[in-house]
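Engineer: Would you mind keeping the following structure in view while I ask a few things?
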Amino acid sequence: MDIILSVRQLSKQIRGQAALDAVTFSVPEGSVHGILGVNGSGKTTLLRILAGLYWPDAGEVVWMERSVRPWNDSAWRSQVAFVDPTVSLPVRWTLGDWETYGALMHQRWDGYRFRSLLRQLDLPLDQRVHQFSLGMRMRAKLAFALATRPRLLLLDEPTTGLDPVVRRQIWQWLVGEAADSGASLLVATHAVDDVERLADSLTVLYRGRSVWSGPLEEAKEGFVKLVVRPEGRTPLHALDNALGWEKGGDSFSAAVERASLDHVRDQLRAVGIHQVAVQEHLPLDEWFRLMMRKEGYAFDADESA
């Protein structure tokens, strides 16, 4: 797959704090690329730079092998659409007003597609948007974004606040529509299950840094899960390569980098544990927990192992 977007060493300070610190990743054309991170990791700042709402302090954005400045590059902005929970067109307008605005402001605007999407999503053209539910507003914003015929669709937590059934329906619809049009999706979220179900590749952000980036399957294949049943008070917390041992019944488990597996087994044997179960195909949520623990983020306070 050809690379359509490359972000290189992108940095941004906000109020004296590093919101982004040398973030680097690439997005293949026609793919879904997840930006995964806990709250405050820099996801929104990154997407707002790419949407042209912020400008970076350093770094480069390369679009189709051409260096661009999203904040003042009209050719770039004509091919990119941005959807997030807070930025929106006026809610006192009807969707008919949104359609008029889209035709005036977007050179690639497709009014026929906009009305077709509204019918698919059961959205009224003549009702004021402030009367819509949260789910209806998000569907309307997605329809508007897709009607601009973007080559790249930037999505910042687009299903926040929606129930699981509606969220899944929106994702299925959105990915299908994007695939039909050939658009690439860049999705910023902290919902690991959405990324695992939808993304082809991902980048993990933590405190403004890109701590991992690559194909989704490569992430999961790089780690395994160990399960042991120690006797007595074996000091599992002292093992340096298996981060975050978790207790479940009479066993303990931990995610371990595949390259460290032999070393961890040697450590376990040294403390008297010889029976070790190895589970392949680590689920993405466990892999993500490992990445965050490795960076110093604790999901819970139970470190008693």
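Numbering (numbering that gives the first Met the number 0), first residue to last: 0 to 304.
Glycine included, every Cβ here is placed at the ideal spot set by N, Cα and C.
Quantities reported herein were computed from a predicted structural model and do not represent experimental measurements.
1. Got a sec, what are the start and stop residues for the beta strand (DSSP E) E230 sits in?
2. Considering only residues of the same chain and omitting the five flanking positions on each side of G101, which have a CB-CB separation below 8 Å?
3. Just checking my contact of T158 with W170 at CB under 8 Å: how many whole Å lie between their CB atoms?
4. Under DSSP, the beta strand (DSSP E) around W62 begins and ends at which residues?
5. Between which two residues does the alpha helix (DSSP H) harbouring E217 extend?
6. Using beta-carbon positions only, say whether K42 and L204 come within less than 7 Å of one another.
7. Find out if the Cβ-Cβ distance for the pair L153, L35 is shorter than 7 Å.
8. What would DSSP say about E27, mapped onto helix, strand or coil?
9. Ordered along the chain, which non-local residues of its own chain (more than five positions away) have a Cβ less than 8 Å from that of D1?
10. Based on DSSP bridge pairs, tell me the residues matched to W211.
11. Grab me the residues of V37's own chain with a C-beta within less than 8 Å of its C-beta, minus the 5 sequence neighbours each way, in chain order.
12. Along the chain, where does the beta strand (DSSP E) that runs through A198 open and close?
13. May I ask you to verify whether the stretch 261-273 touches the stretch 173-189, counting CB pairs closer than 8 Å and requiring at least 3?
14. Is it buried or exposed for R76, if we count other Cβ within 10 angstroms and need 16 for buried?
Structural biologist: Well, looking at it:
1. Numbered from 1 along the sequence shown, position 231 holds the residue referred to as residue 230. From DSSP, E230 is part of no beta strand (DSSP E); its letter is neither H nor E.
2. Here residue 101 corresponds to residue number 102 of the sequence shown, with the count starting at 1. W108, G110, F113, F143, A146, T147.
3. For the purposes of this step, residue 158 is taken as the residue at position 159 of the sequence shown. For the purposes of this step, residue 170 is taken as the residue at position 171 of the sequence shown. Contact between T158 and W170 holds: CB atoms are separated by about 7 Å, below the 8 Å threshold.
4. As a position in the sequence shown, residue 62 is number 63, starting the count at 1. Per DSSP, the continuous beta strand (DSSP E) segment holding W62 begins and ends at 57-62.
5. Start at 1 with the first residue of the sequence shown, and residue 217 comes out as number 218. Where E217 is concerned, the enclosing alpha helix (DSSP H) stretches over 215-220.
6. To locate residue 42, count along the sequence shown from 1; it is residue 43. To locate residue 204, count along the sequence shown from 1; it is residue 205. L204 sits close to K42, with the two beta carbons spaced by under 7 Å.
7. The residue labelled residue 153 in the question sits at position 154 within the sequence shown. The residue labelled residue 35 in the question sits at position 36 within the sequence shown. No, they are not a contact pair.
8. As a working note, residue 27 is residue 28 in the sequence shown. Contrary to the premise, residue 27 reads as Pro rather than Glu in this sequence. Looking at P27 - three-state DSSP - the assignment turns out to be strand.
9. For this step, residue 1 is matched to residue 2 along the sequence shown. The residues are P27, E28.
10. Counted from its first residue, the sequence shown places residue 211 at position 212. Paired residues: V203.
11. For the purposes of this step, residue 37 is identified with residue 38 of the sequence shown, where counting begins at 1. The answer, listed in chain order, is H189, Y205, M291, Y296.
12. As a working mapping, residue 198 is identified with position 199 in the sequence shown. Per DSSP, A198 belongs to no beta strand (DSSP E) and is neither H nor E.
13. Pairwise C-beta distances place the stretch 261-273 out of contact with the stretch 173-189, as fewer than three of them are shorter than 8 Å.
14. Here residue 76 refers to the residue found at position 77 of the sequence shown. Buried, because 16 or more other Cβ atoms sit within 10 Å of the Cβ of R76.
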